[in-house]
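Chemist: With this note's numbering as the guide, the letters of the sequence shown map in order to residues 57 to 901.
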Amino acid sequence: MRRLDVRKMTCLALCAGLLLGATAVGASEILPEREATMSWWRSAKFGMFIHWGIYAVTGGEYKGQTLPNSAEWMMNRGKIPVAEYERLAAQFNPVGFDADALVSLAKEAGMRYIVFTAKHHDGFSMFASRANRFNVVEATPFKRDMVRELAEACRQHGLRFGLYDSQAQDWYHPGGIGNTWDRTLKRVSRDVYVREKALPEVRQLLTEYGPISILWWDTPRQMSKEALDALYATRFLQPGLIINDRLGKDYPGDFQTFERKIPDNPPEGVDWEVCMPISDSWGYKKSDTHFKSSDQLIRNLVDIVSKGGNYLLNVSPTGDGTLLPQAVDRLRAIGNWMKGNSEAIYGTKASPWRPFPWGRCTRKDTAQGTIIYVHLFERPDDGRVLLPALKNTVREARLSDTGESVSARRVAAGVEVLLPAQLPDTVVTVIRLDLEGSLQVNMDAGSSVIDTKRRTEEAGGNVFRVVGQGRSPAIYLTSLPGNSGKFVHPGVAHTAATFAFVRERIAAHDQPWWDAWNVLRSSPEASLSWEPRPRAHVERGPSNHPDIGSSEFTADGLAAYVHALCWVLSGEEAHARKAAEILHAWASTLESISNHDARLLVGMSGYQYVVAAEIVKHTWNGWPAEQQKEFARMLREIWYPLIKDFYPTANGNWDASMLQTMIAMGVFLDDRAMFERAVEYFLHGEGNGAIGNYIWPSGQAQESGRDQAHTQMGLDFLAATCETAWIQGIDLYKALDNRLLKGFEYTARYNLGYDVPYEPFRSYRGRYYYQSISSIARGRLRPMYERVYNHYHNRRGLEAPYTWMAVQQLRARLGHRGDRSAVTNAIEILMYADQPAELVPGPTR
Ligand code: H79
């Protein structure tokens, strides 16, 4: 039923005093009228919630005792009988209350509306209720009608006024919900309570206090449909009344509410509001000194508005009617910030981006074009921020507060803003960007940003041809590899050109390489006192139980890799020697790797050994030939038999791990057949780690429904496989229409907090079936995005906005203490950040 019909019916119902059934109106049934009603609320963005009641007399303390939780719950928490709670009213005399001053303060803070607790769960009415004598005018010495005073003050100051009403819980009335402790209450039915108190009070509030803009229901409880319909129908007593979603579950209301917490994934296409107390308690509580800082409050406002919501910030008048100075100070601080920046708040819409590590954005569409407000919480070290995939031309960029101009320009990846050396406002500095035309942000993976005809055409065709349809189209290799048949050395993961490039960056102290280099060389793995701990017989059981030498094998592999890099980037020979020492220690000791996870271990950690060995072998002449042979023998005789047949039915990260090690071994050993076996399996393998089986066209990965850690591992290993193949002239990155990029974009997107589509599917031979995407380990980004971003974006000129954002987050994490993947993050940044397109030319050679 449409709202207009409801209105006619409910007028009748109200007039006749009947409780007539009317169907609730879904928020989705949008009428032009509703748009008009909501428009002030949408642009207002910021409101004041006021929780006030007779509990403020004792500041939430009962018999001198502090009670747990919020003070307005005092009667409940203290199990206070009605007859005793009533007596508090006699002490309620808040002579310091000045509605005008309070509303002025709200206005000064930049708040555009007020919501006041007309009646909370305790059943005390803060107005001259005709349905309840337990009210501020009749039961207290104060005798003033708070609702009237606030309503008038709001009208005078031009703020919208709204009322909170606890429609279901009422611990005072014998038919109200929630009082389980007072057995002297002579119970009556809920309908009696609704008829005698709830309904008449709401009607009085909506008809006798002038314009009321919001009705804020709370704590929906089971009530009869007649009761709920009747309460719902009161909304038509005020033209343009906005109600929240807390009347009952079949009554969605005009906006959704979030209490105390700012949602990470706000709902799209609906209006919503976050309510939050300025300290811990909603109602005034003497013991509550936990005021949020004004910086936090301002950033909360920006955060919420950037996500498209409103902020309803609660304050708690005391028993004498005033706010504590802590609250007043904070409201003034917010107001101060708003003075220079409110245009970046009022009337804005959600940012097209999710939160950045450095801040947030808000947006306005105007007749002249589009405005993006960049809200900076901090200044990134490199002094710039990038708005990914933003295509508009920037007409003007200025500091919103002072009007001083800043520089912003279109770059391939979006729009880059160059920040002043110091942000003038340490809490939130706002930069206003005036853009030409309507907002254009293309967040689709793989769309081209650079003319890369050069590259895409040259790279195509000669390597493989993609034929087929559906989920796992067949791919046929036509030629392998490019021409000479000889491998490039060093050519596992990195090349000589990469080393030269990174050495230059380090010498020039360029970022992000310089910081990454310092993290790397000061890591424990880079220490020259690193002692390898080789073993003859290593065991890795399921999930690494038992772990006999398995962790040592892994740790030493990483150390060998780090030393090899330290050598080749610094020229300090001691590191080459140490790398060779670690490699040799294992090669001369290891006899077997066994138990359930043996091949996974070789897949995951063998790779690092081979990268290290490849570097040392081809950049240093100090590794004795005999030792090299021994190392090669270990690869062929112990490792290769373990991984050569992969593990098709296991989760795909297993196959993927073996792929990265196998392709690396093929290059190191100059073994064309081994190399081709990996390439072939990557493209056509039957198991879960083959590219088309691990990643679907949507980007969903075989393990997306398992957890995000394994999903990222699988992708990481596939990327490592692609990079080595690329160096050797084979473009696996572009297999199945850049399928790897799809997997990275999908996974980055989900882990950055965005929604993704998910479709359950069975793994190879049906061993795994995950029903829905898994949020386990969501948001814990694995350092693996630089290499893939470098390939698709820098080399190929393709959009990869989510991968880019993951790169930014990981860069921001560089060197953070307690980061378990600090070293691999440093390697990833150091070795793959921002390379020139031609540095590692790939198949075009
Ligand atoms: O008015 C404020 C709260 O009093 C009200 N909504 C906001 C705006 C509210 N009522 N209930 N709740 C919020 C959620 C219920 C929390 C509970 Fe508890 C947790 C009820 C019982 C356990 C903490 C402890 C609060 C009361 C007792």
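Built from N, CA and C at the ideal position, the CB exists for glycine as well.
Determine the burial state of LEU219: buried for a count of at least 16 other Cβ atoms within 10 Å of its Cβ, exposed for fewer.
Modeler: buried
Chemist: Taking 7 Å as the cut-off, is the CB of TRP273 close to at least one heavy atom of ligand 1?
Modeler: no
Chemist: Do the stretch 640-647 and the stretch 583-590 make contact, defined as three or more Cβ pairs closer than 8 Å?
Modeler: yes
Chemist: Taking the alpha carbon of ALA286 as the point to measure from, which residue in LEU297, LEU303, TRP272 and ASP274 has its own alpha carbon closest?
Modeler: LEU303
Chemist: Does ligand 1 have a heavy atom nearer than 7 Å to the CB of TRP129?
Modeler: yes
Chemist: Just to confirm my understanding: we take GLN684, look at its own chain, exclude 5 residues before and 5 after, and list those with CB closer than 7 Å. What are they?
Modeler: LYS673
Chemist: How far does the alpha helix (DSSP H) with ARG733 in it extend, from its first residue to its last?
Modeler: 728-740
Chemist: Please say whether MET887 and VAL450 have beta carbons closer to each other than 8 Å?
Modeler: No, the pair does not count as a contact, with Cβ atoms beyond the cut-off.
Chemist: Can you list, in chain order, the stretches of the beta strand (DSSP E) that have 3 or more residues and sit fully within the stretch 774-799?
Modeler: none
Chemist: Comparing the CB of SER126 with every heavy atom of ligand 1, is any distance shorter than 7 Å?
Modeler: yes
Chemist: Is it the case that the CB of HIS346 approaches a heavy atom of ligand 1 more closely than 7 Å?
Modeler: no
Chemist: Applying the 10 Å Cβ sphere with the 16-neighbour rule, what's the burial state of TYR825?
Modeler: exposed
Chemist: Are the CB atoms of LEU475 and VAL462 within a distance shorter than 8 Å?
Modeler: yes
Chemist: Give a single yes or no on whether TRP338 has its beta carbon closer than 7 Å to a heavy atom of ligand 1.
Modeler: yes
Chemist: Taking the straight line between their C-alpha atoms, what separation do you get for ASN744 and PRO816?
Modeler: 15 Å
Chemist: Can you tell me whether GLU693 is buried or exposed? The criterion is at least 16 other CB atoms within 10 Å of its CB, across all chains shown.
Modeler: Per the 10 Å Cβ criterion, exposed.
Chemist: Starting from the Cα of VAL441, find the closest Cα among SER269, GLU460, ALA92 and VAL471 and give me that residue.
Modeler: VAL471
Chemist: For THR122, write down the residues that DSSP places opposite it in a beta bridge.
Modeler: GLU117
Chemist: Assess, as a yes-or-no matter, whether the stretch 758-773 is touched by the stretch 804-821 under the definition of 3 or more beta carbon pairs within less than 8 Å.
Modeler: Verdict: yes, contact present.
Chemist: Quick one: grab the DSSP three-state call for LEU533.
Modeler: Low local confidence applies: a pLDDT of 34 at LEU533 is under 50, so the model's placement there is unreliable, with the coordinate-based value given in what follows. Of the three classes helix, strand and coil, the one that applies to LEU533 here is strand, per DSSP.
Chemist: From the DSSP output, in three-state form, read off VAL544 for me.
Modeler: coil
Chemist: Are the beta-carbon atoms belonging to TYR228 and PHE180 less than 8 Å from one another?
Modeler: Between TYR228 and PHE180, the C-beta spacing is below 8 Å.
Chemist: Given a cut-off of 8 Å, decide if SER269 and ILE299 are closer than it, judged by their beta-carbon atoms.
Modeler: no
Chemist: Can you tell me whether TRP710 is helix, strand or coil according to DSSP?
Modeler: For TRP710, the three-state secondary structure derived from DSSP is helix.
Chemist: Is ARG133 near ligand 3, judged by its Cβ being under 7 Å from some heavy atom?
Modeler: Ligands in the displayed structure: ligand 1; ligand 3 is not one of them.
Chemist: Taking 7 Å as the limit between beta carbons, can you name the residues of its chain near ALA224, skipping five residues before and five after?
Modeler: ILE233, THR275, PRO276, ARG277 and MET279
Chemist: How would you call GLN664, buried or exposed, if buried means at least 16 neighbouring beta carbons within 10 angstroms?
Modeler: buried
Chemist: Where does GLN212 land, buried or exposed, given buried means 16+ other C-beta within 10 angstroms?
Modeler: exposed
Chemist: Where GLU434 and GLY415 are concerned, what is the direct C-alpha to C-alpha distance, given to the nearest angstrom?
Modeler: 7 Å
Chemist: Using DSSP bridges, identify the partner residues of ALA757.
Modeler: ILE751
Chemist: Comparing alpha-carbon positions, which option in PHE148, GLU128 and SER831 lies nearest ASP336?
Modeler: GLU128
Chemist: If we call anything under 8 Å between Cβ atoms a contact, is ASP571 one with LEU837?
Modeler: The answer is no: Cβ separation not under 8 Å.
Chemist: For CYS331, is the beta carbon positioned less than 7 Å from some heavy atom of ligand 1?
Modeler: yes
Chemist: Could you tell me the boundaries of the beta strand (DSSP E) in which TYR367 lies?
Modeler: 366-371
Chemist: Does the Cβ of HIS847 lie closer than 7 Å to at least one heavy atom of ligand 1?
Modeler: no
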